[in-house]
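Trainee: One structure follows; several queries about it will come next.
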Amino acid sequence: MGPEASIWFGAVLRGDHPEHGIRIGARTSVQDNCVLHVSDSGPTILGEDVTVGHGAAFESCEVRRGALIGMNAILLHGVVIGEESLVAALSVVPAGMVVPPRRLVAGAPATVR
Numbered sequence: 056m057g058p059e060a061s062i063w064f065g066a067v068l069r070g071d072h073p074e075h076g077i078r079i080g081a082r083t084s085v086q087d088n089c090v091l092h093v094s095d096s097g098p099t100i101l102g103e104d105v106t107v108g109h110g111a112a113f114e115s116c117e118v119r120r121g122a123l124i125g126m127n128a129i130l131l132h133g134v135v136i137g138e139e140s141l142v143a144a145l146s147v148v149p150a151g152m153v154v155p156p157r158r159l160v161a162g163a164p165a166t167v168r
């Protein structure tokens with residue numbers, strides 16, 4: 056966990072895989088009731104200056120610097136969210152999706168807008 060990062064009440068970080076863990080960058084905020092998990096497909100990595108809205112859930116994915124993940128969004132395994140991108144609240148980002156930098160992603164299933 057990087058300097059000035061914060062993890063809020065009720066958040067669950069499940070780095071329980073023997074080969075993969077969770078990394079949280081500097082100044083990143085994981086808000087209330089989020090779930091960050093890892094699996095066989097890889098670690099969960101949050102870059103610097105990332106904001107994760109209340110109730111979001113991640114499984115073995117990467118969120119790059121400055122991205123914002125909206126409340127109750129779900130990121131499935133293998134997802135990569137580009138720098139400064141925005142994932143809208145309640146979106147479901149399908150497994151393996153790679154979002155370019157500075158894009159809006161929304162919907163269930165999510166699409167790049």
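Numbering (the numbering used here), first residue to last: 56 to 168. By construction, the Cβ of each residue, glycine as well, lies at the ideal position given by its N, Cα and C atoms. All of these numbers come straight from a predicted model, not from anything done at the bench.
1) ARG78 lies in the beta strand (DSSP E); which residues open and close that run?
2) Taking the alpha carbon of GLY76 as the reference point, which residue from ASP95, PRO58, GLY65, GLU59 has its own alpha carbon closest?
3) Output the distance between the C-alpha atoms of ALA21 and MET56, rounded to the nearest integer angstrom.
4) Looking at the secondary structure, which residues open and close the beta strand (DSSP E) in which PHE113 lies?
5) Restricting to Cα atoms, I'd like to know which of GLU114, LEU101, VAL160, VAL107 is closest to ARG69.
Mentor: Once the coordinates are examined:
1) Sequence index remark: in the sequence shown, residue 78 carries index 23 (1-based). Residues 77–79.
2) Position 21 of the sequence shown, counted from the start, is the residue given in the question as residue 76. Checking every option, the nearest Cα to that of GLY76 belongs to ASP95.
3) It is not possible to answer for residue 21, since the shown part of the chain is limited to 56 through 168.
4) Here the question's residue 113 lines up with position 58 in the sequence shown. PHE113 -> beta strand (DSSP E) spans 112–114.
5) Mapped onto the sequence shown, residue 69 falls at position 14. Cα-wise, what sits closest to ARG69 is GLU114.
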